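Novice: Numbering (mature numbering (1 follows the signal peptide of the UniProt record, and there is no 0)), first residue to last: -28 to -1, 1 to 236.
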């Protein structure tokens, strides 16, 4: 089926921007130690913007203990969200090996689960410092518009091309693994969700450390009936269980991050 073919910028997103916040926030690569918690990670927005949270809070940019945002776009997955919600519609990735627009088990919303929350900052539109229903602080700029490559931005990951040139998300992992044609033989290119993999974590203190065996299914968002690939399948947003930069759940050396799921 053909889904999500028009990328619509909603009034809700536009309303999150203030007139003085259009300059944007360039995202230089943050220096941090993998696996040491959210305070020491690129998701501590206080380290990214000019004027941080007035109380120095870290979690507040995404979460609130009271009066969380209510939105139909995140009705299924709302971890007490405090950041402006991205309600855009995106065109998913498609190719001869994976047609995100026609796979029967593709979700109607490719940003199901935590992925839509990620796009609250990584859409290139909503201000990264907006939280608790307030406009971004003066001098903070607006969207995450740049990165250390000075090319296609990780900050505004979904801006312009939508999700058409990014690793597919929002699909039933088990269904795709059973029909994958990427290796020339049905089901041979993608590992089963119950496959175990080992990763050496760098955490200290209360965070995880040492070598751990996990299953691919542990990385998926389960909506009660399906294991769905999301942004959080590859990235540990809280910097707890990732051994690598970019909050990756496995190392880039030897393409371990890719080979976690891909059988090549």
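The beta-carbon is built from N, C-alpha and C at its ideal position, and this holds for glycine as well.
All values reported here derive from a predicted model rather than from experimental measurement.
1. My output table needs one value for residue 210: the three-state DSSP class, helix, strand or coil.
2. Count the other C-beta atoms from every protein chain shown that fall within 10 angstroms of the C-beta of residue 225, then say buried if there are 16 or more, exposed otherwise.
3. Are residue 24 and residue 84 closer than 8 Å when you measure CB to CB?
4. Are there three or more Cβ pairs, one per stretch, closer than 8 Å when the stretch 201 to 219 is compared with the stretch 183 to 192?
5. Just the Cα atoms here: how many angstroms apart are residue 7 and residue 102?
6. Residue 56: buried (16+ other C-beta within 10 angstroms of its C-beta) or exposed?
7. Roughly how many whole angstroms lie between the Cα atoms of residue 134 and residue 64?
8. Alpha carbons only, please: which of 93, 105, 149 and 186 is nearest the one belonging to residue 78?
9. Any chance the CB of residue 6 is under 7 Å from a heavy atom of the ligand ATP?
10. Please report the residue range of the alpha helix (DSSP H) in which residue 228 lies.
11. Do the stretch 43 to 59 and the stretch 86 to 100 make contact, defined as three or more Cβ pairs closer than 8 Å?
12. Where does residue 3 sit, in a helix, a strand or coil, going by DSSP?
13. Kindly list the residues whose CB is nearer than 8 Å to the CB of residue 322, restricted to its own chain and excluding five residues on each side of it in sequence; keep chain order.
14. Give me the Cα-Cα distance between residue 104 and residue 27, rounded to the nearest whole angstrom.
15. Under 8 Å, do residue 146 and residue 168 count as touching if we go by C-beta distance?
16. Is the separation between the beta-carbon of residue 220 and that of residue 211 shorter than 8 Å?
17. Please decide whether residue 39 counts as near chain E, where near means a Cβ-Cβ distance under 8 Å.
18. In terms of residue numbering, what span does the alpha helix (DSSP H) encompassing residue 25 cover?
19. In three-state DSSP terms, what is residue 289?
20. Should residue 14 be labelled buried (16 or more other beta-carbon atoms within 10 Å of its own) or exposed?
21. How big is the Cα-Cα spacing for residue 233 and residue 171?
22. Could you tell me the distance, in whole angstroms, from the CA atom of residue 16 to the CA atom of residue 49?
23. Go to residue 94, then tell me how far its alpha helix (DSSP H) extends in each direction, as first and last residue.
24. What does the alpha-carbon distance come out to for the pair residue 29 and residue 40?
Specialist: Working from what's here:
1. coil
2. The residue in question, residue 225, is exposed, as its Cβ has fewer than 16 Cβ neighbours within 10 Å.
3. Taking 8 Å as the cut-off, the beta carbon of residue 24 is found no closer than this to the beta carbon of residue 84.
4. yes
5. 26 Å
6. By the 10 Å Cβ count, residue 56 comes out buried.
7. Within the model, the alpha-carbon separation for residue 134 versus residue 64 is close to 7 Å.
8. 149
9. For the ligand ATP, the structure offers nothing, since it holds no ligand at all.
10. 228 to 231
11. yes
12. coil
13. The structure shown has nothing for residue 322, since the chain only spans -28 to 236.
14. Each residue's CA atom was taken as its position, placing residue 104 and residue 27 some 13 Å apart.
15. no
16. no
17. The question asks about chain E, but that chain is absent: this structure has only one protein chain.
18. Where residue 25 is concerned, there is no enclosing alpha helix (DSSP H), given that its DSSP letter is neither H nor E.
19. No information on residue 289 is available, as it lies outside the stretch -28 to 236 that the chain covers here.
20. buried
21. 13 Å
22. Linking residue 16 to residue 49 through their CA atoms gives a straight-line distance of about 22 Å.
23. 87 to 94
24. 16 Å
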